[in-house]
Amino acid sequence: MQVNVWAVPRGKPMPRILVFGKNGQLASCLAMCGNEFPNAELVFVGRDECDLEDVHQIAPLIDRVQPDVVVNAAAYTAVDLSEEQADVAFKVNRDAVRAMAETLAKRAVPLIHVSTDYVFDGQGSTPYTEQDPVSPLGVYGASKFAGEDAVRETLDKHLIIRTSWVFSQFGKNFVKTMLNLMEQRDEIRVVNDQTGCPTSAHDLAGAILKLSGLVVAKDFDKFGTYHLSSGQSQTWFEFANRIQEVASHVWGDDWKGKDCRITPVPSSEYPTVAKRPGYSVMSSQRFVGSFGIQLPTVEESLSAVIENLRKEKSDA
58 MQVNVWAVPR GKPMPRILVF GKNGQLASCL AMCGNEFPNA ELVFVGRDEC
108 DLEDVHQIAP LIDRVQPDVV VNAAAYTAVD LSEEQADVAF KVNRDAVRAM
158 AETLAKRAVP LIHVSTDYVF DGQGSTPYTE QDPVSPLGVY GASKFAGEDA
208 VRETLDKHLI IRTSWVFSQF GKNFVKTMLN LMEQRDEIRV VNDQTGCPTS
258 AHDLAGAILK LSGLVVAKDF DKFGTYHLSS GQSQTWFEFA NRIQEVASHV
308 WGDDWKGKDC RITPVPSSEY PTVAKRPGYS VMSSQRFVGS FGIQLPTVEE
358 SLSAVIENLR KEKSDA
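Under this note's numbering, the first residue of the sequence shown carries the number 58, and numbering increases by one thereafter.
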């Protein structure tokens with residue numbers, strides 16, 4: 058079996074990082090951020106190399122790569138479809154994660170596992186902390202929390218990073234969808250009763266790579282569950298307006314989407330199979346206090362993403 062390896066010559070030793078997930082937003086950003094960590098080695102594994110629905114493939118893969126740390130950036134993330142395919146969601150988000158944790162526990166290798174704000178029911182009104190009880194509304198959130206529990210039960214050396222509303226220049230996400238709709242329509246209608254914290258996958262990837270260099274130290278003692286998001290709460294409607302403002306600044310007066318009207322609507326106008334949390338703002342205070350890593354503002358991160366999308370268009 059051949060795995061996809063991104064590597065540069067090593068100087069000061071840094072960990073060999075095995076990343077489960079190869080084509081998603083976070084994995085793509087981890088590869089992109091790799092240039093900022095010139096002594097690191099990243100090994101990306103996708104479904105072709107290891108199908109997470111078959112847990113028996115995981116241990117042999119880990120033994121072949123022999124990583125110093127594992128990042129699980131893979132997940133079954135189809136929120137609505139998971140209601141119909143609960144068995145697949147739990148295979149990937151719980152069973153595969155347990156297999157990773159069990160394998161790594163035997164080898165004393167740490168795991169950085171990415172989770173979600175969807176473990177909360179959204180009934181709160183103040184930012185959720187790591188100590189707040191979880192209560193997922195649907196299969197996706199339930200399967201992700203089951204994966205968290207599997208890690209906590211099995212592997213002491215773990216960091217569980219809950220994040221939210223991830224966007225980037227890669228894959229499908231709210232930012233890219235809004236930009237396309239703004240260019241195509243005179244008006245778009247966006248829900249204004251769901252509140253969360255948009256988070257750049259690029260910023261998240263940078264933080265994870267920094268953590269990867271920390272967790273391999275013998276004296277590292279900050280394992281556990283953490284929240285990491287932008288810290289700037291807003292509704293989808295407010296975020297759409299911010300996207301339009303930033304895009305208008307980056308792309309200038311010639312951008313077709315600058316005059317698109319954005320109208321706030323309730324979630325009831327866009328019924329979905331799976332219920333979404335109305336309020337999923339998470340506090341990153343524990344993470345910042347523990348590691349001293351503060352994510353940039355949404356505006357900074359959004360500007361960077363939209364500028365990269367502009368370059369992609371001009372190069373096409």
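Just so it is clear, CB atoms sit at the ideal spot from N, CA and C, and this is done for glycine as well.
Could you spell out where the alpha helix (DSSP H) holding residue i opens and where it closes?
i: Phe296; result: 293-308
i: His259; result: 258-272
i: Val122; result: 115-122
i: Val154; result: 153-164
i: Tyr197; result: 196-211
i: Gly281; result: From DSSP, Gly281 is part of no alpha helix (DSSP H) but of the beta strand (DSSP E) over 281-284.
i: Gly346; result: 342-348
i: Cys90; result: 82-90
Short of 7 Å in beta carbon distance, which residues of its chain neighbour residue i, apart from the five on each side in sequence? Order them along the chain.
i: Pro184; result: Val338, Met339, Ser340
i: Ala146; result: Tyr133, Ser139, Val196, Tyr197, Ser200
Do you know how far the Cα of residue j is from the Cα of residue i?
i: Gly309; j: Cys86; result: 26 Å
i: Glu106; j: Thr292; result: 38 Å
i: Gly263; j: Phe94; result: 9 Å
i: Val60; j: Met157; result: Low local confidence applies: a pLDDT of 39 at Val60 is under 50, so the model's placement there is unreliable, with the coordinate-based value given in what follows. Approximately 17 Å, taken between the alpha carbons.
i: Ala88; j: Gly270; result: 16 Å
i: Arg151; j: Thr160; result: 14 Å
i: Gln180; j: Pro193; result: 11 Å
i: Val355; j: Thr256; result: 7 Å
i: Arg104; j: Gly78; result: 8 Å
i: Asn230; j: Val208; result: 27 Å
i: Lys275; j: Ile74; result: 17 Å
i: Asp260; j: Gln114; result: 31 Å
i: Pro124; j: Pro353; result: 30 Å
i: Gln351; j: Val345; result: 6 Å
i: Ala258; j: Ser172; result: 13 Å
Run through the DSSP bridge pairs and tell me what residue i is partnered with.
i: Val182; result: According to the sequence shown, residue 182 is Ser rather than Val. Partner(s): none; Ser182 has no beta bridge.
i: Ile245; result: Ile319
i: Phe224; result: Ser257
i: Ser172; result: Arg219
i: Thr252; result: Thr292, Tyr336
Using C-beta distances below 6 Å, list every residue in its chain close to residue i, excluding the 5 sequence neighbours before and after it, in chain order.
i: Phe418; result: Here the chain has residues from 58 to 373 only, and residue 418 is not among them.
i: Glu364; result: Val307
i: Glu110; result: Lys148
Counting along the chain, where does the beta strand (DSSP E) carrying residue i start and finish?
i: Val128; result: 126-129
i: Gly103; result: No beta strand (DSSP E) contains Gly103, which DSSP labels as neither H nor E.
With residue i and residue j assumed to form a contact (beta carbons below 8 Å), what rounded beta-carbon distance in angstroms separates them?
i: Asp174; j: Gly91; result: Not quite, the Cβ-Cβ distance comes to about 27 Å (not below 8 Å), so this is no contact.
i: Ile169; j: Val126; result: 7 Å
i: Arg219; j: His284; result: 5 Å
Output needed for residue i: all residues of its chain with C-beta closer than 8 Å, excluding positions within five of it in sequence on either side, in chain order.
i: Ile245; result: Met235, Leu238, Met239, Ala297, Cys317, Arg318, Ile319, Thr320
i: Gln141; result: It is worth fixing the name first, because residue 141 is Glu in this sequence and not Gln. If we look at Glu141 and ignore the five residues flanking it on each side, its Cβ neighbours are Val330.
i: Asp250; result: Thr292, Pro323, Ser324, Gly335
i: Phe280; result: Pro167, Asp213, Lys214, His215, Leu216, Val272
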